[in-house]
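Worksheet for the structure shown next.
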Amino acid sequence: MALGVSRQIEDCTAWAHNHGTVVAEVYVDNDISAYSGKTRPQYRRMCEDIKQGFRDGLIVWHPDRLHRSPRELEDFIDLIEATGAEVQTITGGDYDLSTPHARILARILGAVARHESEDKSRRITRKAAELAFQGKRNGGGTRAYGYNADHTKPIAAEAAIVKEAAKRILSGDTLRSVCSDFNLRNVPTVKGGPWSPTVLRTLLMAARISGQREHHGEIVANGPWPAIITPSQTARLRAILGDPDRRTNRTPRSYPLTGLVRCERCGEKMVARPRDDGSRRYVCAKAPGYPGCGKTFILAEPLEQMITEAILYRLDSDALAKAIVGQVSEDAATENIEEDLQSDRLQLDELAQMYGHKEMTAREWTAAKAPIQQRIATNERRLNAFTGTSALEGYVGNAKALRGQWDSIDPPRQRAIISALLNSITVGPGVRGRNKFDPSRIKPDWKV
Ligand SMILES: [Zn+2]
């Protein structure tokens, strides 16, 4: 426990240093918890020094270092009131005992904090945070997938699986379908069992696979181990997999054109809405939360067939191959965002190191990183918005391969391919009484 105490002293001394306060004396009851019931000679001596006016304030790591009983807290309040000494806590914020309200708060906090286990877990957390800032890996536990036991080298076969999974999720595949594919291929997990969406999601969200260290889900430093995927891939994976709309257990959408189909009459997005007999339709819905005109309907089956045919046709055309080569501009834009992300992450690393080296306080650190984190979040969203052309990889000029596979491709992946090529599909009004599918109602807006 001596290590824990020295760390607390470090924190307190750093605070004093940063606030121009002179530390006259350090009082330590090493190894004696405030709740152990043992007498704490240093604590008593400190109270006596305050009482005698030798000390005009005290810095404590957490208020629960001070009192072990309501009785002791009351004595302490009396002491602070009588002497006007100031109390500063490092982890508990301002510890103001000067008003009745603040004293009630202190009493409640005291009651809440009276658990040694909580106290322990906070110290462990503190240790983990310290390791994180130094870019070290938290020890213990199972081997991390993709790396050897001491986490210094990637394992080639596992690294290939990590890369494949990352690429597939980034091009619109689902966790579920990647998992079932891995299980079909008998790819073992780190424990040898089958893949589940939860296991895969945890793996792909982990900062370590791009050589980074995280703490409480936030990327805080670069780790000393080699990366398997790039930091910008991790940023995009986190943006996609962290999206609450995307649930691992959700059934794949059976309407691959959802979000792309628009009503020509009112311009609103048409939504998936089957008819009572079960036939699938896209409709312009007019209902609470649906701002459409309620007048346009189209059967999903022939619409999707037509769009698929059009996509396959375009994939085989020279014009498209040229257009995709010409998409360098989008890729360049992505690159700029990636560069910005990279430099912001570096800056966060530097701040974390400064904080780790006590060159700034926790409060200063929090304030300094807020705008950077905001920028990172915005850029992650922008990057995520680029569907890019990666979904089309291998299919340009090779529509035959895609035609053969199309029906067995998951709707989300179909959708990734479609939205790599199409901005939207506008559906014109139908002719009353005419049930035959009318292709002239459909106006696709191609991206390339
Ligand atoms: Zn409409």
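FYI, the numbering for the sequence shown is 1 to 448, going by the numbering used here. From the three backbone atoms N, C-alpha and C, an ideal C-beta is built for every residue, glycine too.
At a cut-off of 7 Å, would you count residue i as near ligand 1, judging by its Cβ distance to the nearest heavy atom?
i, result
"Glu268", "yes"
"Arg238", "no"
"Arg265", "yes"
"Lys295", "yes"
"Gly289", "no"
"Cys179", "no"
"Val292", "One point to set straight first is that residue 292 is Gly, not Val, in the sequence displayed. Gly292: yes, Cβ under 7 Å from ligand 1."
Reducing DSSP to helix, strand and coil, say where residue i ends up.
i, result
"Asp438", "coil"
"Thr89", "strand"
"Pro188", "coil"
"Lys286", "strand"
"Asn423", "strand"
"Phe54", "coil"
"Lys269", "strand"
"Val26", "coil"
"Asp445", "strand"
"Glu364", "helix"
"Arg275", "coil"
"Ile228", "coil"
"Pro291", "strand"
"Ile409", "coil"
"Tyr145", "coil"
"Leu341", "helix"
"Arg45", "helix"
"Arg208", "helix"
"Arg451", "Since the first and last residues shown for the chain are 1 and 448, residue 451 lies out of range."
"Arg114", "Unreliable positioning characterises Arg114 in this predicted model, as indicated by a pLDDT of 49, which lies under 50. The coordinate reading is nonetheless provided below. In the structure shown, Arg114 sits in coil (DSSP, three-state: anything other than H, G, I, E or B)."
"Arg432", "coil"
"Arg375", "helix"
"Arg281", "strand"
"Ser329", "Only weak support exists for where Ser329 lies, its pLDDT of 45 falling under 50; the coordinates are left without a value."
Assuming residue i is part of the alpha helix (DSSP H), what are its boundary residues?
i, result
"Ile161", "Ala156 to Leu170"
"Gln233", "Pro231 to Leu241"
"Val261", "Here Val261 belongs to no alpha helix (DSSP H); instead the beta strand (DSSP E) covers Val261 to Cys263."
"His17", "Ala2 to Asn18"
"Arg403", "Ala399 to Gln405"
"Arg201", "Pro197 to Met205"
Measure the CB-CB distance between residue i and residue j and report whether it falls below 8 Å.
i, j, result
"Gly485", "Met205", "For residue 485 there is no data in the structure shown, the boundaries of the chain being 1 and 448."
"Cys47", "Leu79", "yes"
"Glu264", "Gly428", "yes"
"Arg55", "Ala82", "no"
"Glu10", "Ala239", "no"
"Leu341", "Ser419", "no"
"Ile229", "Ala166", "yes"
"Gly172", "Ala401", "no"
With residue i as the anchor, note down where its beta strand (DSSP E) starts and where it stops.
i, result
"Ala221", "Glu218 to Asn222"
"Glu301", "It is not in any beta strand (DSSP E) - Glu301 instead sits in the alpha helix (DSSP H) that spans Ala300 to Leu315."
"Glu359", "From DSSP, Glu359 is part of no beta strand (DSSP E); its letter is neither H nor E."
"Arg518", "This structure cannot speak to residue 518, because the chain is shown only from 1 to 448."
Are any of the Cβ atoms in chain B nearer than 8 Å to that of residue i?
i, result
"Leu184", "Considering every chain present, this structure includes no chain B. It has just one protein chain."
Write down the C-beta distance between residue i and residue j rounded to the nearest angstrom, noting that I regard them as a contact closer than 8 Å.
i, j, result
"Asp49", "Asn222", "So it is not a contact: roughly 45 Å between Cβ atoms."
"Val162", "Ile209", "6 Å"
"Leu170", "Leu237", "7 Å"
"Trp15", "Ile77", "Actually they are not in contact, since the Cβ atoms of Trp15 and Ile77 sit about 22 Å apart, beyond 8 Å."
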